[in-house]
Structures are given as C-alpha cells and as structure tokens.
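Undergrad:
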Amino acid sequence: MPATRRIALLLATLPAISLLAAQPAPPTYVEVERSRWSRLDARRIDTTVRTTRARHIERLAVLLGATVAFDPAVAGLADTVTLGGGLSLRRAMARALAGTALTALVDSASSTIIIRRVGGGVRRVRVIDTRTQLPVVGAEVLVTRLSRSARTDRTGQAVLGAVGDGPLPITVRALGFVSVVDTLDTGDTEVVRLARAAPRLTEVVVTPGTSRALESGVHVAQSLTREEVASRPQIGEDLFRAVNRLPGVAASDFSAGLNVRGARSDELLVMLDGMQLREPYHLKDIGSGLSILDVHATGGVDLVPGSFTSEYGERLTGVMSITSRPLAPGERLFSAGLSATWLRGLAGARTRDGRWSWMASLRRGYLDLVLDLTNAEAPFAVGYGDGFVRGRWHASSRDVVTVSLLGSTDFTTQDVQFDAPPFRSRYGSRYGWTSWQHSGERLQGQTVVGLSQDVRRRNADGGTGQVSIGRIADRRELEVGSLRSSWTWAASHRVQVRFGTDVQRQGAAYDYGRIRPTRATLFGFERKADTASAVIDTAGLWTGAWLAPRMQVGRLVAEVGGRVDRWSWRGPVAWQPRVNLAWQVDPSTSVRAAAGAYAQPQALDGLPVEEGVREWAVPERARHLAIGVDRELPGRLAARVDVYQRILTSVAPRYAQLLPDIDITRDLRFTTLRVDPTDGLARGVELSVASAGGGRFEWSGWYALSQIADRIGGRLVPRDVDQRHAASMDLSVRTTDRRWRGSLGIVMRQGWPLTPVGVRADTFVVNGRPRLLATPTYGAYNSERLPTYVRVDLRLFRRYQTRSGQWTVFADVFNLLGRQNPLGIAAAIQAVDPLQWRREPIAFVPRIPTAGLSWER
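Adding 127 to a residue's 1-based position in the sequence shown gives its number in the working numbering.
1. Within the same chain, show all residues whose beta-carbon is closer than 7 Å to that of glycine 640, passing over the 5 residues directly before and after it, in chain order.
2. Report the rounded CA-to-CA distance for leucine 396 versus glutamate 738, giving the unit in angstroms.
3. In the structure shown, what three-state DSSP assignment does isoleucine 791 receive?
4. Can you tell me whether alanine 809 is helix, strand or coil according to DSSP?
5. Which same chain residues, not among the five before or five after valine 706, have their C-beta less than 6 Å away from its C-beta?
6. Measuring CB to CB, does valine 812 end up less than 7 Å from leucine 832?
7. Give me the residue from Ile969, Val940, Phe937 and Asn942 with the minimum Cα distance to glycine 951.
8. Going by beta carbon distance, what residues of the same chain come within less than 7 Å of proline 897, once the five residues before and after it are set aside?
9. Which same chain residues, not among the five before or five after arginine 697, have their C-beta less than 8 Å away from its C-beta?
10. Hey, could you find the ends of the beta strand (DSSP E) arginine 186 is sitting in?
11. Exposed or buried, what is serine 448 when buried is set at 16 or more other beta-carbons lying within 10 Å of its beta-carbon?
12. Counting only the same chain and skipping the five closest in sequence on each side, list residues whose C-beta sits under 7 Å from that of leucine 943.
13. Would alanine 476 pass as a contact of valine 516 if the rule is Cβ separation under 7 Å?
14. If you measure between the beta carbons of valine 286 and arginine 251, is that distance less than 7 Å?
15. Can you tell which of Ala726, Val756 and His751 has its C-alpha closest to the C-alpha of valine 712?
16. Could you say if the segment 613-631 and the segment 674-690 meet the contact criterion of at least three C-beta pairs nearer than 8 Å?
17. Go ahead and label serine 981 buried or exposed: buried means 16 or more other beta carbons lie within 10 angstroms of its beta carbon, across all protein chains shown.
18. Would threonine 805 and glutamine 784 be called neighbours here (beta carbons separated by less than 7 Å)?
19. In the DSSP assignment, find the beta strand (DSSP E) that holds alanine 487 and state where it starts and stops.
20. Closer than 6 Å by C-beta to arginine 583: which residues in its own chain qualify, once you throw out the five before and the five after it? Chain order, please.
21. Give me, in chain order, the residues of the same chain whose beta-carbon lies closer than 8 Å to that of glutamate 160; leave out the 5 immediate sequence neighbours on both sides.
22. Determine whether the beta carbon atoms of arginine 551 and threonine 536 lie at a separation below 7 Å.
23. For my contact list, isoleucine 240 and alanine 205 are in at a C-beta cut-off of 8 Å; report their separation, rounded to the angstrom.
24. Among Glu967, Thr935 and Asp939, which residue has its Cα nearest to the Cα of glycine 74?
25. Who are the Cβ neighbours of proline 914 in its own chain at under 6 Å, not counting the five residues just before and after it?
26. Any idea which residues DSSP pairs isoleucine 172 with across the strands?
27. Pull up the DSSP beta-bridge partners for aspartate 664, would you.
28. Suppose the cutoff is 8 Å on Cβ atoms and the five residues either side in sequence are ignored; what does the same chain contact list for valine 972 look like?
29. Just how far apart, CA to CA, sit glycine 932 and leucine 191?
30. Among Pro880, Ser870, Arg838 and Met398, whose alpha-carbon lies nearest the alpha-carbon of arginine 851?
31. Give me the Cα-Cα distance between glutamate 911 and tyrosine 905, rounded to the nearest whole angstrom.
32. Could you compute how far the alpha carbon of alanine 369 sits from the alpha carbon of aspartate 513?
33. Rounding to the nearest angstrom, what Cα-Cα distance links glycine 807 and glycine 416 in this structure?
34. The alpha helix (DSSP H) with valine 370 in it runs from where to where?
35. Pick from Gly945, Pro699, Phe304 and Tyr782: whose alpha carbon is nearest that of leucine 800?
Structure, rendered in structure tokens:
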C-alpha cells in the first residue's frame with residue numbers, strides 16, 4: 128500500500144482509536160512494603176539526619192525522583208525523628224512512619240507517594256451540571272492543601288487517590304461554570320454540582336475561527352496549551368512554527384512566516400502585549416526561518432484568521448495577538464535551555480504582595496559556531512540573537528503599568544560562489560513601549576505608547592575588471608513612533624461601547640544600488656551591465672479611529688461598528704464597516720458570523736526599489752464574510768466548521784519569484800515577474816476535530832478545502848500558496864505520570880502552484896568561433912503544481928524532577944520519512960551540444976534529527 132494511502136487510512140481511524148484510549152485507567156496504590164519497585168531498595172540515604180517526619184518524607188521522595196502528597200496537619204508528621212545513613216529508601220520510609228497510624232502508598236506508575244492513615248480509602252468526586260443533571264466532563268478537582276488535582280472522565284467522576292479519610296477542602300472548576308469551593312465528607316464518593324456561568328460580555332468571542340494557544344485550562348477545539356506547544360514536533364522551539372499547524376495556516380519548511388488562509392505573511396498583524404511587531408523574524412535572507420520571540424517567555428496567543436473586529440486595522444487578513452508570560456505573587460522563575468538552534472536563558476520574579484514583577488529572556492542562535500566547530504563547508508554562515516525585558520507595576524487593584532523592551536540582531540555572510548559574489552548582511556530590530564491597563568467596574572482598556580526601529584544592511588561585491596558577477600549595496604531603515612488606545616465602557620450588563628484610536632508617525636530611508644550583467648553564457652559574463660539605484664528619505668502619518676457598540680439580546684451577542692483609517696503617503700480615507708455576531712444555540716453549540724470591509728496600505732519601507740518602483744501603490748481592499756459553528760460531541764470530542772469568503776476588490780502589483788530558491792542575492796537574477804491583478808478571491812471550508820485533554824492519548828486534526836487566486840488578464844490564477852486540499856493531524860501519547868511523552872505530526876496538502884521552466888538554445892559567434900547560449904524559459908505563471916506534499920514529524924521528551932528543578936530532554940525528527948518536498952523545480956543542463964537538460968527539484972528539507980535540553984525552576 129502506498130505511504131499516502133496508509134496515512135489517509137490512519138487519519139480515518141483515529142476517532143475510533145481515541146474513544147478506546149482517551150480515558151486511562153485510574154491509578155492503583157499499594158503500600159511501600161508490598162510494592163515491587165526495585166528503586167526503593169536500590170537507592171540509599173547517605174547521612175544521618177534529624178528532622179520532622181514530614182521533612183524526612185519530602186527528602187526521601189526527592190531522592191526517589193517522585194512527588195509526595197500528604198496533609199502536614201496529620202498527627203505525627205510534625206514529630207522529630209532521626210534516620211541513620213545507609214538505609215534503603217524502603218526501610219527509611221518505614222522507620223520515618225514507625226509509631227504512627229500512617230502508612231506510605233506508591234502508585235502503579237511509580238511516580239507518586241501518598242501518606243495517609245492506615246485503613247484510609249481512595250476518594251472520588253462526581254461533578255454534575257446543576258441545570259441538566261448531566262456529568263461535567265473535563266472539570267478539574269483540586270485538593271488545595273496537597274496541591275493534587277484530577278480531571279473528571281466522561282461519567283463526571285474524578286479519582287483523587289488515597290488522600291485521607293477526614294474532611295478534605297477541594298476546589299472544583301470547569302470552563303463555562305462557576306467555580307465551587309467545598310469540603311469532602313468522610314465518605315469515599317461525593318457529588319459536587321456546578322452552575323452554568325453567564326460569561327461577561329467582554330469575554331464573548333464574536334469572531335469565527337479564533338484559535339488560542341499556550342493558555343492553561345480547559346479549551347475547545349483549535350486551542351493549544353503550553354504543554355502541547357512544547358511537545359509538538361518542531362524545529363528550534365519556535366512559537367510561530369508551532370502555531371502554523373492550526374487550521375487555515377500554511378507555511379514553507381524554510382520559513383516561520385504564516386500564510387493565513389492563502390494570504391501573504393505581511394497581511395497578518397502580529398502584536399506583543401499591545402505593541403505591533405513588523406517582520407518579527409530571524410534569518411530574513413534565507414526564508415525568515417525563526418521568530419524573534421522566546422516561546423518560554425510567552426503566556427498566550429490568539430490567532431484570528433479573518434473577519435476580525437474593528438479594534439484592529441492596517442492589515443487585510445488576520446491578527447496574531449501575543450501576551451508575555453504572567454507571574455503569580457511570590458513566584459520566582461528561572462529557566463535555561465540548549466537546542467539545535469538556541470542557547471537561551473529566562474529569569475523572572477514577582478514580589479509577595481504582587482505589586483512588582485520583572486522578567487528577562489535572552490537567546491543566542493549558534494549555527495555559525497556549530498559550523499566553525501565542525502569545520503562544515505557551508506555556503507554561508509549565519510548568527511542571530513534576541514532579548515526581551517519586562518517590568519510591571521500593579522499600581523492598584525485596577526491599574527497596571529508595564530515597561531517592555533524587545534531587540535533582535537542577525538548577520539549573514541556568504542563566500543564567493545560560481546555565480547554569486549561574496550555577501551554580507553546585518554539586520555536589527557528594536558522595540559520599546561510602555562502600557563497602562565485599567566480594569567474598572569464600567570471602564571476597561573489599555574493605552575500603549577512605543578518606539579521601534581528596523582535596520583537592514585546588505586552588501587555584495589563581485590569584483591571589477593573584465594568580468595563582474597554583480598554588486599549590491601542596500602541600506603534601509605524604518606522608525607515608528609506609535610500610540611494605541613483601546614477602551615470598553617459598560618453602559619449595562621447587556622450593552623457595551625468599545626472604541627479606540629491608532630496613531631503612528633513613520634520615517635523610512637532607502638539607499639540602494641545594484642549592478643548586474645544583462646546576459647550570461649556558460650563560459651563567462653558579458654561586460655554590459657544593468658544598473659538600478661534609489662535614495663529616498665520620506666515620512667508618513669497613519670491615523671485611525673474605531674467605534675464598535677456590543678449588545679446582548681437573549682443568547683445573541685452582536686457587535687456592529689467600524690473604523691476609519693488614513694495613510695498620508697497614499698490616500699484616500701478608508702471607511703471599513705464591520706459586523707460580528709455570536710449565538711449560543713445550546714450549552715454545547717455556538718454559531719459565529721462576521722462580515723466587513725478591510726484595507727491595508729503598502730508599507731512605507733516596502734517599496735521594491737530594486738525593480739525600479741518609486742511610488743507607493745494604492746491600499747489593498749477586501750470584503751470578508753465568514754460563519755463558524757462549534758460543537759461539543761460525545762466521547763470528549765470538540766468539532767468546528769468554518770466557511771469563509773474574502774473578495775479582494777483592490778490588489779497591489781507585486782513581483783513574484785519564478786524560481787523560489789533560497790538565494791540571498793536573488794536581486795542579481797532575472798527571475799522576477801511583475802504580477803498586476805485587477806481583483807482576487809479567497810474562499811474555503813475548514814473542518815476540525817479534537818479530543819479533550821487530560822488523558823494518556825490525545826489527538827487533533829483538520830481538513831480544509833480552499834482556494835486563493837488573483838484575476839490576471841481576465842482569468843483566475845492561483846497564488847503561490849494556493850492548496851485546494853490540506854489536512855493535518857497531531858497525535859500525542861504520554862505516561863500516567865506525564866514524564867514521558869511522544870508526539871507525531873502529519874501534514875498533507877496539494878502541491879503549491881509552479882511556473883513551468885524550460886531551456887532555450889541560441890547560437891552566436893565569439894572571436895570567430897560559434898558558441899551555444901542556454902537560457903531558461905518560463906511558461907504561464909503558476910500554471911503547474913508541485914507534487915503532493917506529505918511530511919511526518921516526531922518528538923519525544925522526558926521530564927526529570929530533581930531538587931534543583933525540573934529537567935526536560937527532548938529529541939525531534941523533522942521529515943521522519945525523508946520525503947522530498949521541493950520548494951520549486953529548476954532546469955538542469957546535462958550537455959550543451961547537443962543540448963540536453965532535465966527538470967530537478969530544488970530547495971527541499973531532508974530528514975533532520977535534533978535534540979535539546981531544558982531546565983526550569
């Protein structure tokens with residue numbers, strides 16, 4: 128059976144597998160003296176220690192590498208005893224509890240020790256919905272004093288284990304319900320009833336297709352917890368590469384940039400704590416392969432793939448809103464890691480009263496050091512790094528002031544190649560911003576004031592004389608001062624008025640020069656040269672304002688409003704009305720719909736001066752229409768269906784690369800084509816299903832039928848990332864103690880469009896001798912397609928709990944099957960006379976095994 132059919136069969140059978148494997152068997156506990164855990168006898172304590180029984184038990188658990196649960200208030204644990212050195216852990220535990228009515232239990236996974244009174248049984252909690260009397264699946268039951276928790280299964284039952292016989296305080300919480308603080312009686316099983324919570328109007332999601340990542344807790348489909356992001360197969364612990372597996376997102380193997388529903392990556396608005404980030408990527412010369420944000424410093428991500436609300440402007444397609452990692456009062460955070468792409472460190476702390484906190488993250492990419500140490504003969508060397516610092520002051524219970532700094536740097540060098548000159552580049556991005564967040568009873572909002580600077584330097588010099596490969600001198604800068612303010616005023620519990628403004632003062636500078644030969648033979652270069660140069664220093668002002676009243680009528684929430692924007696470097700004023708609706712059909716089903724107008728200008732620093740362009744294009748415009756349905760299914764499943772259409776009424780000209788190779792001096796080539804669409808269309812249907820978290824086996828998958836095309840010369844031509852059929856599946860299996868976890872990621876899609884390439888032979892005379900010139904030819908733009916794309920990735924990781932903190936060791940295999948998924952097709956000349964050539968794939972990523980180590984305390 129072909130590999131593609133095997134993968135398809137696996138995707139089809141996963142829902143059935145999950146129903147059998149999603150619920151693990153409840154852990155069983157046996158007394159330490161009766162267990163067969165050999166490490167209890169193999170490990171010994173070294174020194175004689177005199178302390179309380181409770182401290183002895185904690186010390187023994189650390190030596191064993193297990194967690195321990197007990198109530199310090201139980202009689203006998205506060206007594207002081209002496210344990211001599213040389214005892215096995217089994218004998219030491221027995222002596223520590225000698226003379227008490229307590230016993231030590233170990234679970235079947237050999238990971239948890241529970242201290243309880245002799246004869247104490249296993250405690251259970253059953254959680255039901257007060258209104259429907261049905262079990263609540265996925266609710267968390269937390270034993271407050273023991274820091275022990277469990278989640279309810281499909282019958283609504285959570286097994287807490289042997290936690291004692293007496294009264295036991297617990298907290299029960301679930302998404303969409305009011306949390307309950309209760310005390311268990313002396314029985315084995317107790318019923319807790321939860322009442323449905325009416326969500327605050329501000330918290331209602333009114334945008335179809337919204338996905339969330341990195342948050343803890345119970346979520347619906349399309350969400351990723353922090354643990355799931357860390358365990359998903361990826362290269363470089365990169366946040367953007369983890370998010371690109373969400374529905375509707377496409378990405379190249381070489382790039383961390385996100386193409387949301389077929390749009391260009393620059394059509395996605397990226398924000399960190401309210402500050403807009405422009406091109407937040409490293410390795411810009413070789414595909415923008417990594418993002419400048421440390422996933423360990425990130426607290427949450429909201430990805431809106433289209434039809435976003437009036438709050439956001441200047442982008443045509445989607446919004447990715449990122450928040451930095453929060454710290455709890457009294458928390459101290461230290462983390463470090465080493466992977467195939469990064470050496471990183473993270474530290475942070477918050478005072479016990481919760482008023483002050485700080486966090487700092489620093490990363491250094493070391494591919495250049497690896498190449499030097501291994502003496503690898505790579506065609507180019509790269510280095511990169513970034514840092515993030517945040518200070519936060521809780522001025523009052525309602526006001527928070529935050530000061531943040533973010534910076535990144537990159538450099539690339541390339542030695543002389545057969546047809547490329549020596550190359551040097553350097554990029555730098557710096558962001559600094561201050562935000563004030565207010566959370567009053569009726570007025571809530573945030574104001575952000577920031578400054579940013581992006582600097583680019585590219586130089587290539589092919590020498591002088593009879594033959595010149597080419598020269599590039601490229602310097603560009605962008606400086607932005609910004610003010611963003613977004614507020615919500617609650618007129619009543621059913622009516623809100625949301626409003627805000629955006630102001631940006633931008634300055635851009637270009638200093639570009641290029642010389643390239645006009646024609647090339649197999650035997651050298653002609654002296655005639657093509658030149659281009661530009662020196663531009665300009666400034667512009669973006670002003671925008673928005674108003675969006677939101678109201679609730681029964682189960683329907685409606686937000687009707689719009690925004691107006693003006694960009695001084697290319698008018699006119701853009702009026703953008705928008706409507707967003709959310710209807711809660713029943714407790715398990717919600718429907719969201721949206722429609723509106725959107726506009727995006729050409730960036731002030733986005734002129735393609737290398738192509739001779741000196742004037743900014745008119746802003747691109749689009750009309751969005753989307754509807755989505757979320758449904759909770761039996762068997763702890765959540766499903767979503769999204770249908771969308773984006774009509775592009777105004778599309779700016781662009782320059783497409785006919786040979787999409789990773790070439791850092793591509794502006795010396797003659798492989799660009801000007802594309803002038805009159806309008807365009809994007810539409811699709813996305814279906815996704817996910818199992819609820821908490822079990823040993825988890826999975827999620829989605830399928831999309833979509834189209835993205837431009838109308839060129841009266842016909843629809845697919846864009847570079849058009850994929851009619853696309854599917855993705857993520858599988859995860861972990862042990863009951865959550866120390867081992869393995870994840871498998873599968874991606875399948877139709878090959879992206881391709882411009883066919885050929886070879887033309889021309890004969891001419893040089894010094895009285897005939898010469899044959901072979902030059903590439905190109906067919907109709909994007910008239911063919913690459914082969915079907917299939918990739919399987921694997922990640923394994925293991926956690927170790929020690930006295931110094933938690934250690935994590937992980938290993939990844941990118942492209943496990945070693946399949947060739949080319950980025951393009953080139954014409955390779957095999958012989959000149961007679962001319963023989965063939966088509967061969969270019970720029971595909973082979974099987975890449977990587978590993979890493981992480982520590983956190």
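From the three backbone atoms N, C-alpha and C, an ideal C-beta is built for every residue, glycine too.
Keep in mind the model is a prediction, meaning the values are calculated, not measured.
TA: Taking the definition as stated:
1. So the qualifying residues of the chain are Ala600 and Ser660.
2. So the two alpha carbons sit approximately 26 Å from each other.
3. Note: isoleucine 791 maps to coil in three-state DSSP.
4. If DSSP states are grouped into helix, strand and coil, alanine 809 belongs with the strands.
5. Answer for valine 706: Val687 and Ala722, listed in chain order.
6. Judged by beta-carbon spacing, leucine 832 lies within the 7 Å limit of valine 812, meaning their Cβ atoms are closer than that value.
7. Taking glycine 951 as reference, the option from Ile969, Val940, Phe937 and Asn942 with the minimal CA-CA separation is Ile969.
8. Correct list, in chain order: Thr890.
9. Excluding the 5 residues flanking it on each side, arginine 697 has same chain C-beta neighbours closer than 8 Å at Pro728, Gln729, Trp743, Ala744, Val745 and Pro746, in chain order.
10. First-last for arginine 186: 180-191, but that is the alpha helix (DSSP H), not the beta strand (DSSP E).
11. By the C-beta density criterion, serine 448 is buried, having at least 16 other C-beta atoms within 10 angstroms.
12. Val919, Asp920, Leu921 and Arg974, listed in sequence order.
13. Between alanine 476 and valine 516, the C-beta gap is not smaller than 7 Å, which leaves the two residues out of contact.
14. The answer is yes: Cβ separation under 7 Å.
15. Looking at the Cα atoms, Val756 is the closest of the given residues.
16. Touching, per the Cβ criterion.
17. Classified as buried, serine 981 has 16 or more neighbouring CB atoms from the shown chains inside 10 Å of its CB.
18. Result no, Cβ atoms of threonine 805 and glutamine 784 do not sit closer than 7 Å.
19. In the DSSP assignment, alanine 487 falls within the beta strand (DSSP E) that extends over 483-492.
20. If we look at arginine 583 and ignore the five residues flanking it on each side, its Cβ neighbours are Tyr554 and Arg603.
21. Taking C-beta separations shorter than 8 Å and ignoring five residues to either side along the sequence, the partners of glutamate 160 in its chain run Arg217 and Ala221, following chain order.
22. Contact flag unset, no.
23. The distance from the Cβ of isoleucine 240 to that of alanine 205 is about 18 Å, inconsistent with a contact at the 8 Å cut-off.
24. Nothing about residue 74 can be reported from this structure: the residues present for the chain run from 128 to 984 only.
25. Listed in chain order, the non-local C-beta contacts of proline 914 below 6 Å within the same chain comprise Gly878, local neighbours out to five positions each way being set aside.
26. For isoleucine 172, which the question treats as bridged, DSSP gives no partner whatsoever.
27. When beta bridges are read from the DSSP output, aspartate 664 appears opposite Ala636.
28. Around valine 972, the same chain offers Asp380, Phe381, Phe941, Asn942 and Asn948 as residues with beta carbons nearer than 8 Å, after the five sequence neighbours per side are excluded.
29. Between the C-alpha atoms of glycine 932 and leucine 191 there is a straight-line separation of about 14 Å.
30. A check of alpha carbon separations from arginine 851 across Pro880, Ser870, Arg838 and Met398 identifies Pro880 as the nearest.
31. Rounded to the nearest angstrom, the two C-alpha atoms are 11 Å apart.
32. Their backbone Cα atoms lie some 19 Å apart in a straight line.
33. Rounded to whole angstroms, the separation of the alpha carbons of glycine 416 and glycine 807 is 28 Å.
34. Counting along the chain, valine 370 sits inside the alpha helix (DSSP H) bounded by residues 366-370.
35. The candidate whose alpha carbon is nearest that of leucine 800 is Tyr782.
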